[in-house]
Structure formats: C-alpha cells, structure tokens
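Residue numbers (the working numbering), protein chains in the order written: chain X, 2 to 114; chain F, 38 to 149.
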C-alpha cells in the first residue's frame, strides 16, 4: 500500500523568511510522481510543484523548491521569501501508474506579518 | 479553457435524500477522478473513470454511492439516502494521462 505522511499539522513562519514542510512516503513502485498542492481558504487545489521519481534533480518553481531524497523516501517543500498569500493548507501527494493520487493529511501554514 | 467545472458549489440535502454532484473535465481530458475531503483532512480517493468505464472504484463506499462518466455530458457522483456522515467537500480532477491533473473547486455537501 502507498502512504504519504506529513508530520507537521501546523507551522508558522515570519513574512520574508524561509520555511520547510516535511513529507515522507512509501511505495513499492519505481515509477511515480510526487506533488505539493496548496489549498487556500477558497478550497481550490492548486498545484505548487511536481517531481518525477526518475529525475535526480530537485524541482524548482520560483520561490518553491523541493528536496527529494529517493532512498529515504522524503520529499520536503521549501518556501523562500514567504508571503502573506502563501498562507494555506499544503498537501504532499503521490501517484504512480495506476493514476490514483494519495494525499497526506496536510500542513497548515501561517504567515506572520 | 474553463478548467474543471464542478456544480453545484454548495449542496444542502436532508437525510434520506439523493445528492448528485457534477463534474465537467477540462477540454481534451478523458480521465476523471473523484475525491472526498472531510474537515481538516486530506483528500481521499473514491473513483477513477474514463468515458463509459469505471477503472478503479476501490475508494468508493459499497452502498449508496455510484459514479458514471457517460459518452456525452459530465461525470456524475450520486449519493443515495444521504446521512450526516456524507457531509464533506467532494472534488473532481481530470487528466490526460501525462500526470497533468487539474482539480475543480469542489462541491460542499451538507446533510441536515
């Protein structure tokens, strides 16, 4: 069975600072994708970043980057220069060839002005 | 391209009534997925459909829940004889099988 674990239910960061959200996962597949989704109060699920398991290079999207440690099955999200608009629930997710997306329980991120 | 359209945005049903949730996938997407989100929880997979076929319904409750994706028209998630425990946000996502998923804005179902 595939699992995704986010061990930090809530985190806070000062505006303009950097924060890292943790995620570990388990899968027996060798071909899979990992995602971080953002869910603001509007409830819309917004894709933040995506990582293909076969790529060693960590994905980066502007202020968002990941630290993908395949052997350790770890996939953390780093948000640099945090902004008030970054406040949201963040979900780590995993999918493989059968296309089901498995989500973690989420981390609620607060941005302190 | 309007993205994934879900309606209604909010739905209130009395216990015992039926709830019908609709999802129109993105143009060009032929794969539809339904997820349920309970308060303060992540999204839980329910069912994966292609046109006229259910591919994986392993997350779907065995009773009262059904889903379809007809040749024409939106995908429908149907919940019969709703109970208070069915209250949740229901999300639809579509993809074109290159792992590009797009989510709708969800339908919040409240059972009173």
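Backbone N, C-alpha and C fix where the C-beta goes; we use that ideal spot for every residue, glycine too.
Could you check if residue 56(F) is buried or exposed, using at least 16 other CB atoms within 10 Å of its CB as the buried criterion? buried
Does residue 45(X) come within less than 8 Å of chain F when only Cβ atoms are used? yes
Check whether the stretch 118-133 of chain F and the stretch 59-67 of chain F are in contact - that is, three or more C-beta pairs closer than 8 Å. yes
At a cut-off of 7 Å, would you count residue 127(F) as near the ligand ZN, judging by its Cβ distance to the nearest heavy atom? By its list of ligands, the structure shown contains no ligand whatsoever, and the ligand ZN lies outside what it can speak to.
Check this for me: beta carbons of residue 80(F) and residue 104(X), under 8 Å apart or not? yes
Can you look up residue 101(F) in the DSSP assignment and give me helix, strand or coil? coil
For the beta strand (DSSP E) that contains residue 15(X), what are its first and last residues? 11-15
From the DSSP output, which residues share a beta bridge with residue 70(F)? 85(F), 130(F)
Any beta-carbon of chain X closer than 8 Å to the one on residue 142(F)? yes
If you draw a straight line from the alpha carbon of residue 145(F) to that of residue 72(X), how long is it in whole angstroms? 39 Å
Is the beta carbon of residue 94(X) sitting closer than 8 Å to the one on residue 111(X)? no
Cutoff 6 Å; reference residue 102(X); Cβ partners in own chain excluding five residues on either side: 94, 96
Between the stretch 112-119 of chain F and the stretch 21-30 of chain X, do three or more beta carbon pairs fall short of 8 Å? no
Below 9 Å on C-beta distance, what does residue 105(X) contact in chain F? 79
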